[in-house]
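Residue numbers for the sequence shown, in the numbering used here: 3 to 154.
C-beta atoms are modelled at their ideal positions from N, C-alpha and C, and glycine is treated no differently.
All of these numbers come straight from a predicted model, not from anything done at the bench.
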Amino acid sequence: MSRVPLPALVIGWLGLVPFVYAVALLFATPGTLPTFGVAPTGPAGGLHVLESFGAAILAFMGGCLWGFASAPPRVPRWTLLLASGVPVIASYFAIQSHPARSCVFLAFGFVALQGIDIVFQRLGVAPDYWLTLRLPLTAGVMTCLLIGAVHG
C-alpha cells in the first residue's frame, strides 16, 4: 500500500463530517443543533442524515468502483462491473425500512463494499493506496451507522 494523495485524503475525511454530525444530532435536544433545513432537528434528524447520506455515499462508492473497472486501457469485465453495482443496489434496498433498521442494512452494505474494495485492490483495479484510504473511513462510517441503529 502506498501513500494516499492529499486531495483524496482530505476530501475522504471530510466525507465523515456529516456522519459524525448526525451522531451528534442523535444525542441533541431538538433545536439545539442546526440542520440547515435539510432534516428535522434532534434524534429524528440524526437518523435522517445517517440514512440518506449513508445511502448516497454507499452508491457513490459503487460508482468509484465502476470507474476503476472501466478505466482505459482496461477492458471492462462483467464480474467487476457487476460487483461495482452491488453497493448501488444495496443502498436503495437499505433505505426501504425504518431509519434505525436502515442504518443496520447500510452498515452491512459497507461491509460488502469493503470486501469488494479488497478484491479490486488485489486484482490491481483500484489504486494502490485505496485500502489505506478506505479502511479507516469505512470503520468511521460503520461506527456512526451502528450508533444510529442502536440509538434509533
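Output yes or no for whether 7 Å exceeds the beta carbon distance between residue i and residue j.
{"i": "residue 47", "j": "residue 108", "result": "no"}
{"i": "residue 127", "j": "residue 62", "result": "no"}
{"i": "residue 64", "j": "residue 99", "result": "no"}
{"i": "residue 154", "j": "residue 102", "result": "yes"}
{"i": "residue 49", "j": "residue 111", "result": "no"}
{"i": "residue 6", "j": "residue 94", "result": "no"}
{"i": "residue 18", "j": "residue 150", "result": "no"}
How many Å lie between residue i and residue j at the Cα?
{"i": "residue 31", "j": "residue 140", "result": "28 Å"}
{"i": "residue 84", "j": "residue 106", "result": "23 Å"}
{"i": "residue 40", "j": "residue 79", "result": "39 Å"}
{"i": "residue 146", "j": "residue 27", "result": "11 Å"}
{"i": "residue 35", "j": "residue 25", "result": "11 Å"}
{"i": "residue 21", "j": "residue 118", "result": "22 Å"}
{"i": "residue 73", "j": "residue 33", "result": "46 Å"}
{"i": "residue 13", "j": "residue 58", "result": "15 Å"}
{"i": "residue 29", "j": "residue 37", "result": "14 Å"}
{"i": "residue 125", "j": "residue 42", "result": "43 Å"}
{"i": "residue 104", "j": "residue 76", "result": "35 Å"}
{"i": "residue 54", "j": "residue 23", "result": "13 Å"}
Among the options, which residue has its Cα nearest to the Cα of residue i?
{"i": "residue 9", "options": "21, 124 and 135", "result": "135"}
{"i": "residue 152", "options": "86, 45 and 40", "result": "45"}
{"i": "residue 88", "options": "4, 68, 37 and 137", "result": "68"}
{"i": "residue 4", "options": "123, 143, 144 and 149", "result": "123"}
{"i": "residue 115", "options": "125, 92, 38 and 81", "result": "92"}
{"i": "residue 121", "options": "148, 81, 52 and 11", "result": "81"}
{"i": "residue 90", "options": "75, 66 and 77", "result": "66"}
Ordered list of alpha helix (DSSP H) runs contained in the region 40-128, each at least 4 residues = Counting only unbroken stretches of 4 or more residues, the alpha helix (DSSP H) elements lying wholly within the region 40-128 are 44-72, 80-96 and 101-124, in sequence order.
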